[in-house]
Amino acid sequence: MKKTLLLTVLFTSLIVNAQDRQESTETESQKRITEFSERKRHNLSLDVIAALTFPAFNPRYEYVLNKHSSIGADLNINFDDNNGTEILEKFSFSPFYRQYFFSKEDYGAKGFYGEGFLKFYTYEDDISYDVYSNEIASSKNYFETAIGVGIGWKWVSNSGFFIDISGGLGRNLGFADGPSERELAGKFGLNFGWQF
Numbered sequence: 092m093k094k095t096l097l098l099t100v101l102f103t104s105l106i107v108n109a110q111d112r113q114e115s116t117e118t119e120s121q122k123r124i125t126e127f128s129e130r131k132r133h134n135l136s137l138d139v140i141a142a143l144t145f146p147a148f149n150p151r152y153e154y155v156l157n158k159h160s161s162i163g164a165d166l167n168i169n170f171d172d173n174n175g176t177e178i179l180e181k182f183s184f185s186p187f188y189r190q191y192f193f194s195k196e197d198y199g200a201k202g203f204y205g206e207g208f209l210k211f212y213t214y215e216d217d218i219s220y221d222v223y224s225n226e227i228a229s230s231k232n233y234f235e236t237a238i239g240v241g242i243g244w245k246w247v248s249n250s251g252f253f254i255d256i257s258g259g260l261g262r263n264l265g266f267a268d269g270p271s272e273r274e275l276a277g278k279f280g281l282n283f284g285w286q287f
C-alpha cells in the first residue's frame with residue numbers, strides 16, 4: 092500500500108512538473124504574442140526629400156496589421172509653383188499595402204518590404220504660346236490615377252524612432268487627356284518618423 096501511494100504521489104508530481112514546464116513555454120510564446128498585440132502599431136512619418144527638394148509637405152501614416160503586413164497612405168502637397176519643369180505634381184494621395192520579409196522577431200513592420208499602391212494625383216501643365224510676338228502663358232490642371240509596386244527598407248529603434256527608404260513606379264490608367272500624357276508615376280522617399 093505504501094509503495095502504491097508513493098508511486099501515485101511521485102507520478103502526480105511528475106505530471107504537475109511537466110505541466111508547469113509546458114505552461115512556462117506556452118507563456119513565453121504567449122507573452123511575445125501579447126507583447127506584439129500591445130506594441131505600438133501606428134507609424135507617422137515625414138518625407139525629408141520632398142521637404143528639401145520642393146517646398147512640399149509629405150506625411151505618411153501606416154497601421155501595422157500583423158508582424159508581416161501593414162496598410163497606410165502617403166499624402167503629398169507641393170507648394171512650389173515653378174521649379175523649372177513644365178509638368179509639376181501638385182497634390183497626391185497614395186494608399187498602400189505592405190508585406191514585410193525576413194523578419195525574425197515576433198513583432199514586425201521593419202526590414203525589407205514590397206508594396207502595392209494606388210496613386211491619385213493632380214498635376215499642372217504649363218503651356219506657353221507665342222502669337223504674333225505676344226507671349227501667352229497658361230496652365231491647366233489634370234487628374235490622373237496610377238497603380239504600381241514599390242520596395243523599401245525600414246529601420247526601427249527600440250524607442251520607436253524609424254527611418255524608411257522607399258521607391259516605386261506605377262502605370263497611369265489614362266484618365267488625364269493632357270497634351271503631354273504621362274505613362275508612369277513615381278513614388279520615392281526618405282521618411283523619418285515615430286511609432287506610437
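Residues 92 to 287 (the numbering used here) make up the sequence shown, in order. Glycine included, C-beta positions come from ideal geometry on N, C-alpha and C. All of these numbers come straight from a predicted model, not from anything done at the bench.
Inset, instruction - State the CB to CB distance for the pair lysine 278 and phenylalanine 208, rounded to an integer number of angstroms; the pair is presumed to be in contact (CB under 8 Å). - result: 7 Å
Legend entry - Own chain residues within Cβ distance below 7 Å of alanine 267, not counting five before or after: Tyr233, Phe234 and Glu235
Inset, instruction - Assign leucine 281 to one of three DSSP states: helix, strand, or coil. - result: strand
Legend entry - Residues near glutamine 190 by beta carbon distance below 7 Å, same chain, minus five either side: His159, Ser160, Tyr204 and Gly205
Legend entry - Inter-residue Cα distance where the pair is serine 115 and arginine 130: Low confidence applies here, because serine 115 scores a pLDDT of 49, under 50, leaving its location unreliable and the question unanswered by this model.
Inset, instruction - Check whether the Cβ atoms of glycine 202 and phenylalanine 187 lie closer than 8 Å to each other. - result: no
Inset, instruction - Compare the C-alpha of aspartate 171 against each of Phe145, Arg151, Ile227 and Leu156 and name the closest. - result: Phe145
Inset, instruction - Return yes when at least one heavy atom of the ligand ATP lies under 7 Å from the C-beta of isoleucine 238, else no. - result: The model depicted lacks the ligand ATP and carries no ligand whatsoever.
Inset, instruction - Could you give the DSSP three-state label for alanine 200: helix, strand or coil? - result: coil
Inset, instruction - Pull up the CB-CB distance for glycine 243 and isoleucine 256, whole angstroms please, since I reckon it's below 8 Å. - result: 6 Å
Legend entry - Proximal residues to valine 155 (C-beta, below 6 Å), its chain only, five neighbours per side dropped: Arg132, Ser161 and Ala200
Legend entry - Cβ shell of proline 150 (< 6 Å), same chain only, five flanking positions each side left out: Leu137 and Leu166
Legend entry - Alpha-carbon to alpha-carbon, lysine 231 and aspartate 216: 5 Å
Legend entry - Residue range of the beta strand (DSSP E) that includes leucine 135: 133-138
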